[in-house]
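Protein sequence lines correspond, in order, to chains A and B. For the first sequence, numbering that gives the first Met the number 0 assigns the number 0 to the initial residue and increments by one for each residue that follows. For the second sequence, numbering that gives the first Met the number 0 assigns the number 0 to the initial residue and increments by one for each residue that follows.
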Amino acid sequence: MRHVIVIGASLAGLAAVDGMRRSGFDGRITVVDSADSLPPDRPPLSKQVLGGTMSPESATQPMAARLDDLDIELCLGIGATSLDAASRRIALSDGSTIVADGLVIATGATPRTLPGALPGVFTLRTLEDSVAIAAELDLEPQRVVVVGAGFIGAEVAATCRSRGVEVTIVEAQDRPMQRVMPGSIGDFITTLHRDEGVDVRLGVGISSLLGSSRVAGVKLTDGTVIDADLVVAGIGVTPATGWLEGSGLELGDGVVCDETMLAAPGVVAAGDLARWPHRRYGEHLRIEQWDNAIEQGGYAGRRLVSGSAEPFAPVPWFWTDQYDCKLQLAGRVAPGDEVRVVDGSTAERRFVALFRRDAHCIGAVAVNRARHAVQMRAKLSEPLLWADALAHFGVDDR
Amino acid sequence: MRITVDYDLCESNAICMAILPEVFEVREDDLLYILDEFPPEEYRSKLEEAVRRCPKQALTLED
Ligand SMILES: Cc1cc2nc3c(=O)[nH]c(=O)nc-3n(C[C@H](O)[C@H](O)[C@H](O)COP(=O)(O)OP(=O)(O)OC[C@H]3O[C@@H](n4cnc5c(N)ncnc54)[C@H](O)[C@@H]3O)c2cc1C
Ligand code: SF4
Chain A
0 MRHVIVIGAS
10 LAGLAAVDGM
20 RRSGFDGRIT
30 VVDSADSLPP
40 DRPPLSKQVL
50 GGTMSPESAT
60 QPMAARLDDL
70 DIELCLGIGA
80 TSLDAASRRI
90 ALSDGSTIVA
100 DGLVIATGAT
110 PRTLPGALPG
120 VFTLRTLEDS
130 VAIAAELDLE
140 PQRVVVVGAG
150 FIGAEVAATC
160 RSRGVEVTIV
170 EAQDRPMQRV
180 MPGSIGDFIT
190 TLHRDEGVDV
200 RLGVGISSLL
210 GSSRVAGVKL
220 TDGTVIDADL
230 VVAGIGVTPA
240 TGWLEGSGLE
250 LGDGVVCDET
260 MLAAPGVVAA
270 GDLARWPHRR
280 YGEHLRIEQW
290 DNAIEQGGYA
300 GRRLVSGSAE
310 PFAPVPWFWT
320 DQYDCKLQLA
330 GRVAPGDEVR
340 VVDGSTAERR
350 FVALFRRDAH
360 CIGAVAVNRA
370 RHAVQMRAKL
380 SEPLLWADAL
390 AHFGVDDR
Chain B
0 MRITVDYDLC
10 ESNAICMAIL
20 PEVFEVREDD
30 LLYILDEFPP
40 EEYRSKLEEA
50 VRRCPKQALT
60 LED
């Protein structure tokens with residue numbers, strides 16, 4: 000392999016480059032991204048940058064400082080428009096085509112939008128989004144409506160509230176972060192936001208956006224009208240695979256890979272758009288998390304240039320910051336799992352809770368208990384008996 | 000080889016501790032302690048990984 004093209008210069012794409020270089024690959028690497036400047040580190044966009052405590056220029060991704068060492072040809076402002084996977088021929092938005100020996104697909108995901116776009120309605124993915132919403136907050140809006148209480152919506156609500164703005168969260172599910180969190184942890188998040196003065200509406204959707212030249216409010220599916228001069232939608236993302244239609248790659252809520260992140264001969268995928276069968280969990284996963292993008296990117300890069308690898312099967316892990324709470328979740332949990340608080344308490348906003356399925360502990364959440372979160376992540380890399388997990392915290396099985 | 004942490008950036012999320020507990024420890028007081036500021040050469044790749052995966056980019060490895 001002499002020339003590798005990486006599509007997407009964000010976390011997963013540059014981690015793949017790093018992985019290739021670390022495996023000793025000294026061939027040519029071209030990295031292409033449709034963004035006009037190097038993509039930022041995204042976590043601060045809903046936290047410090049939005050809150051005004053970090054300058055937008057400071058939100059740089061970990062690899063940004065090491066670009067020179069990576070020895071790449073970086074093409075910014077150029078998008079990939081199509082691919083033929085069999086010949087690894089890529090068409091670019093500037094009209095050129097390139098053929099490579101190896102290909103890393105890392106185009107991430109794009110936010111879903113509410114129907115009926117109006118000025119004053121935002122999504123949050125890019126640095127520009129974050130700066131634009133922060134500028135709106137500088138104008139001291141009367142009320143912000145955050146649509147969706149996934150982790151980005153919940154963080155945006157917390158950041159806006161911390162800036163003294165009145166906030167309403169509207170979430171169609173019965174609980175925040177319902178997709179990734181068992182119910183009682185969702186209840187903790189609801190209480191957290193309510194205690195901080197956020198108006199949290201659950202189990203109700205948006206039926207329409209109100210306003211003509213600019214958003215003036217939202218109408219809910221139960222008929223309620225909420226006045227708002229700013230609306231931020233955090234209603235999930237879709238994998239950025241539009242350019243791969245007709246490429247010959249299997250698409251299905253992401254780029255479908257094998258156990259080693261291989262999507263086709265000489266083609267790997269990583270990050271928010273990659274779906275792969277996780278050997279231990281026996282199901283296909285697609286993970287939209289920071290640490291996964293780095294770990295999976297690095298893995299995919301190594302795998303591409305070295306040709307073989309153990310299956311990729313990490314314990315998922317992510318964090319979110321809301322108010323004074325740093326929440327970390329390790330493992331693979333489902334809404335129905337049994338939850339047991341084994342350390343601290345939700346009232347103190349400092350606790351560890353374990354999740355049980357059958358005889359095993361399959362995940363843990365820690366709020367302001369970081370060391371326990373990472374220790375549990377390490378333990379969860381092997382099957383962990385429920386009794387052993389409890390014993391680790393000195394708790395009796397009852 | 001010297002590993003240092005910028006405590007103005009570090010948020011004690013213990014990622015580094017997960018990677019190399021021999022050098023990084025977040026204690027009950029929620030502070031990160033560097034157990035060995037001049038760690039042995041055998042830890043180099045783990046140290047580099049910790050530098051890379053610190054979400055706050057608070058770690059620096061110098062030769
Ligand atoms: C506001 C926000 C806060 C977050 N906070 C956290 C957090 O606290 N904890 C956590 O674990 N995770 C968090 N995340 C998630 C994390 O940032 C993502 O999982 C990570 O960015 C995924 O990296 P990626 O490289 O797969 O994709 P992306 O970062 O989406 O990068 C994809 C890149 O591909 C480029 N691209 C797209 N299409 C094309 C094309 N056709 N041609 C060329 N280039 C293209 C895009 O311009 C983009 O730069 C957050 C995300 C956001 C948006
Ligand atoms: S990973 Fe970074 S932020 Fe986290 S404890 Fe270590 S140095 Fe601090």
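By construction, the Cβ of each residue, glycine as well, lies at the ideal position given by its N, Cα and C atoms.
At least 3 beta-carbon pairs within less than 8 angstroms: the region 290-304 of chain A vs the region 12-20 of chain A: yes
Beta carbon of A/Ala232 nearer than 8 angstroms to that of A/Arg142: no
Members of the region 316-341 of chain A that neighbour chain B once the beta carbon cut-off is set at 9 angstroms: Trp316, Trp318, Asp320, Lys325 and Gln327
Same chain, Cβ closer than 7 angstroms to A/Ala63, neighbours up to 5 away in sequence not counted: Leu37
Element boundaries [alpha helix (DSSP H), containing A/Tyr298]: Trp289 to Ser305
Other residues of its chain near A/Val341: CB distance less than 6 angstroms, five sequence neighbours each side excluded: Val351, Leu353, Phe392 and Val394
Supposed contact pair A/Thr122 and A/Pro110 - C-beta distance, whole angstroms, cut 8 angstroms: 4 angstroms
Contact with chain A by B/Met16, beta-carbon distance below 8 angstroms: yes
Contact check, A/Ala369 vs B/Asn12, beta carbons under 8 angstroms: yes
Cutoff 8 angstroms: A/Val103 Cβ touching any chain B Cβ: no
For A/Phe187, three-class secondary structure by DSSP: helix
Proximal residues to A/Leu261 (C-beta, below 6 angstroms), its chain only, five neighbours per side dropped: Val267
Where the alpha helix (DSSP H) containing B/Val50 begins and where it ends: Arg43 to Arg52
Beta-carbon separation (whole angstroms), A/Ala329 vs A/Ala292, contact threshold 8 angstroms: About 16 angstroms; that fails the 8 angstroms criterion.
Per-residue DSSP class, three states only, for A/Leu229: strand
Within chain A, the residues that B/Ala57 reaches when beta carbons sit closer than 7 angstroms: Simply none; closest approach about 11 angstroms.
Three CB pairs or more closer than 8 angstroms across the region 206-224 of chain A and the region 127-138 of chain A: no
Counterpart residues of B/Ile33 in DSSP-defined beta bridges: B/Phe23
B/Ile2 Cβ short of 7 angstroms to ligand 4 heavy atom set: This structure lacks ligand 4; the ligands present are ligand 1 and ligand 2.
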